[in-house]
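Trainee: Input: one structure, supplied below.
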Amino acid sequence: MINSSLFFILALLICVFILIAAYSAKLKSDEQYRELVQFSNSIILRMDDKGRITFLNRFAQDFFGFAESEIIGKSTIGTIVPKTETTGKDLEDMIRDIIDSSEKYKININENMRKNGERVWIIWTNKAFQVSNRKREILCIGNDMTKIKEAEEKLKEAMEIKNRFVSIASHELRSPLAAIRGSIDLIADGLTGPVTEKQKYWLDVTRSYIARLNRVTDDILTVQKFEAGKMSFEMRKNDLNATVSEITAIMKNSVSEKGLGLLTDLDGKIPEFIFDKDRIVQVLVNLINNAVKFTDKGCIRVSTALDKDRVKVSVTDTGCGMPAKELPKVFEKFEQLSNAQERKSGGTGLGLSIAKEIVVHHGGDIRVESELGRGTSFYFTLPLTPPGTP
Ligand SMILES: Nc1ncnc2c1ncn2[C@@H]1O[C@H](COP(=O)(O)OP(=O)(O)OP(=O)(O)O)[C@@H](O)[C@H]1O
Ligand SMILES: [Mg+2]
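So for the sequence shown, this note's numbering puts the first residue at 2; every next one is plus one.
Below you can see the structure in the form of C-alpha cells.
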C-alpha cells in the first residue's frame, strides 16, 4: 500500500517536472520568437480590415519614427502611408484593395512615409489570415528599397540623356552628310568643271566613306529607336522568296568581286505572308554582308523553307567561323568578335543586334551555328501570322 502511494507520488512529481520543463522551453522559444519578430531587419506589421495597424515591430517603429503607443490602432493612411504617391498613385484605394483582395498584392512596391514626412520606397509582401472566426487581418512584411529606387531613377535619367544625345548627334550628322554627298556628286558629274581620272578616283573613295558614315548613323538611330520603343514597322503581305531573289541579285556583283559564289535555295511552297519588307531586307543584307566579310573562298547560300506555321531562313558561309566561347555575345550591341579585330573588317557591331530586334518584333527567333575555320550559319524564323495580326 505504502509502496503504491510512493510510486504514485513519484510519478506525479515526474509529470510536474516534465510539465515545468516543457513550459519553460515554450517560454524560451516564445521569447526567442518575439525577439526575432521585433528586431528582424524587416518591417513587420499587421492591419485589420479597416486598414488600422494592430502590430508594428520594433524595427519598423524605429524606421518610421513612431512609438508603439502613437501608432497602434491608427490607420496606415496618414501615418506610414501617404494618401497619394509622388507619382500621383492613389494609395488610399490601394490599401482598400489590399484588404479586399490581398492575393493580387502578394508583392508590391509603393511609397511610404516616415513620421517626419520623409518619403521612402518599400517592397511589401502581403498575406491575409484569419485571427478568429470573424476577424481577418493582413500581415505585411516590408524592406526598404529607397536607395535602389533612387539609383534606378538616376539610371533612367542618364539613359534618357544618352538617348537624346545620340538622337540629336545622329540627326545633326545626317544633314551635313547629305549636303557633302550632294556637293561631291556635283563635282564628280562634271557640273563644276572638268574632272581628271585621279580626282574622280578620290571623289569615289570619299563617296564610299560618306556611305559608311551614313550606315553607322542610321544603325545608331535604329538601335536608339528600338530602345525607346519608337521603331515603326510596315507590316504588309509580301513575298519572301521574291524579296530574297531581289536582294541576292543586287548583291551578286559585290560578292563575285571577292571571288565568292552566292547561291539561293528557295522553297516554292511558301505563301505570301505579313512582314516588313524593308526591315527583313535589312536583316538579310547584314547577314550576307557579314558572310562576305568573313569568307575568303567558297560560297554563301541563302535558303528558305516552310515549316508548318513558320518560315525558316538561313544564310550559310564557308568562311573563317567564330570561336565557340565568343558565340554567346554575337547578338549584343557594339559587339565585334576577335575575328573582326584580326581582319580589321570595319563596322560597328550593331548589325546583328538590329537583326535580332527586327526578327523578334516579327515573333520569330534568330540563332547561329559556327565552326572555326569551316564556316557559319545564321538561322532565323518568321511566323506566317506575326503577333498582333487580326
Ligand atoms: N558570318 C560570320 N562569320 C564570322 N564572324 C561573324 C559572321 N557574322 C558576324 N560575325 C562576327 O559577329 C560580329 C558582330 O556582327 P555584326 O553584324 O553585329 O557587326 P559588324 O558586322 O562587325 O558591324 P556592322 O554590322 O554594325 O557594320 C562581327 O564583328 C564578327 O566578329
Ligand atoms: Mg554586320
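Don't be surprised by glycine CBs; every beta carbon is placed ideally from N, CA and C. None of these values were measured; they are calculated from a predicted model.
According to DSSP, what are the bridge partners of residue 125?
Mentor: For the purposes of this step, residue 125 is identified with residue 124 of the sequence shown, where counting begins at 1. Residue 125 is bridged to 109, 143.
Trainee: Can you tell me whether residue 177 is helix, strand or coil according to DSSP?
Mentor: Walking along the sequence shown from the start, residue 177 turns up at place 176. Three-state DSSP puts residue 177 in a helix.
Trainee: Is the segment 193-205 touching the segment 238-251, taking contact as three or more C-beta pairs under 8 Å?
Mentor: No, they do not touch.
Trainee: Along the beta strand (DSSP E) that carries residue 306, what are the first and last residues, could you check?
Mentor: Taking the first residue of the sequence shown as position 1, residue 306 is located at position 305. First-last of the beta strand (DSSP E) with residue 306: 300-308.
Trainee: Relative to the C-alpha of residue 291, which candidate in 319, 269, 275 has its C-alpha closest?
Mentor: Along the sequence shown, read from residue 1 onward, the residue named residue 291 stands at position 290. Among 319, 269, 275, the Cα nearest to that of residue 291 is on 319.
Trainee: Starting from residue 372, follow the beta strand (DSSP E) in both directions and report where the run begins and ends.
Mentor: The count along the sequence shown starts at 1 and reaches residue 372 at position 371. Residue 372 -> beta strand (DSSP E) spans 367-372.
Trainee: Hey, which residues come within less than 6 Å of ligand 2, measuring from Cβ to any heavy atom, in chain order?
Mentor: Those satisfying the condition are, in chain order, 287, 290, 291, 348, 352.
Trainee: Determine, using beta carbons only, whether residue 312 and residue 383 come nearer to each other than 7 Å.
Mentor: Reading the sequence shown from its first residue, position 311 is the one you call residue 312. Reading the sequence shown from its first residue, position 382 is the one you call residue 383. Their beta carbons are under 7 Å apart, which means residue 312 touches residue 383 by this criterion.
Trainee: Which residue comes first and which comes last in the beta strand (DSSP E) that contains residue 49?
Mentor: One-based indexing of the sequence shown puts residue 49 at position 48. Looking at the DSSP string, the run of the beta strand (DSSP E) that includes residue 49 is 44-49.
Trainee: Compare the beta carbon distance of residue 331 and residue 369 with 7 Å and say whether it is the shorter of the two.
Mentor: Position 330 of the sequence shown holds residue 331. Position 368 of the sequence shown holds residue 369. Closer than 7 Å, so yes.
Trainee: Sorry if obvious, but does the Cβ on residue 224 come closer than 6 Å to a heavy atom of ligand 1?
Mentor: Taking the first residue of the sequence shown as 1, we reach residue 224 at position 223. No, the beta carbon of residue 224 sits no closer than 6 Å to any heavy atom of ligand 1.
Trainee: What is the DSSP secondary structure of residue 313, counted as helix, strand or coil?
Mentor: Within the sequence shown, numbered from 1, the residue matching residue 313 stands at position 312. Residue state, collapsed to three classes: strand.
Trainee: Helix, strand or coil: how does DSSP classify residue 275 here?
Mentor: Taking the first residue of the sequence shown as 1, we reach residue 275 at position 274. In the structure shown, residue 275 sits in a strand (DSSP, three-state: E or B).
Trainee: How far does the alpha helix (DSSP H) with residue 378 in it reach, from first residue to last?
Mentor: For this step, residue 378 is matched to residue 377 along the sequence shown. It is not in any alpha helix (DSSP H) - residue 378 instead sits in the beta strand (DSSP E) that spans 376-384.
Trainee: Apply the 10 Å Cβ neighbour rule to residue 138 and answer buried if 16 or more other Cβ atoms are within range, or exposed otherwise.
Mentor: As a position in the sequence shown, residue 138 is number 137, starting the count at 1. The residue in question, residue 138, is buried, as its Cβ has 16 or more Cβ neighbours within 10 Å.
Trainee: Can you grab the Cα-Cα spacing for the pair residue 95 / residue 158, in whole Å?
Mentor: Taking the sequence shown and counting its residues from 1, one reaches residue 95 at position 94. Taking the sequence shown and counting its residues from 1, one reaches residue 158 at position 157. C-alpha separation (whole angstroms): 28 Å.
Trainee: Can you check which of these residues, 295, 344, 277, 355, is closest to residue 385 by C-alpha distance?
Mentor: Translated into the one-based positions of the sequence shown, residue 385 becomes position 384. Checking every option, the nearest Cα to that of residue 385 belongs to 277.
Trainee: Would you mind listing the beta strand (DSSP E) stretches within the segment 172-255 that are 3+ residues and don't spill past its ends, in chain order?
Mentor: Those beta strand (DSSP E) runs which fall completely within the segment 172-255 and span 3+ residues are 237-239.
Trainee: Considering only C-alpha positions, which residue in the set 301, 178, 116 is nearest to residue 72?
Mentor: Position 71 of the sequence shown holds residue 72. Cα-wise, what sits closest to residue 72 is 116.
Trainee: Kindly indicate which three-state DSSP category residue 331 falls into: helix, strand or coil?
Mentor: Taking the first residue of the sequence shown as 1, we reach residue 331 at position 330. Three-state DSSP puts residue 331 in coil, outside helix and strand.
Trainee: So residue 284 packs on residue 221, CB below 8 Å; how close in whole Å?
Mentor: One-based indexing of the sequence shown puts residue 284 at position 283. One-based indexing of the sequence shown puts residue 221 at position 220. Contact flag wrong, Cβ pair sits at about 17 Å.
Trainee: Nearest-angstrom Cα distance between residue 52 and residue 46?
Mentor: For the purposes of this step, residue 52 is identified with residue 51 of the sequence shown, where counting begins at 1. For the purposes of this step, residue 46 is identified with residue 45 of the sequence shown, where counting begins at 1. Using only the alpha carbons, I get a separation of about 11 Å.
Trainee: Whose C-alpha, out of 274, 129, 381, is nearest the C-alpha of residue 356?
Mentor: Position 355 of the sequence shown holds residue 356. For the residues 274, 129, 381, the minimum Cα distance to residue 356 belongs to 381.
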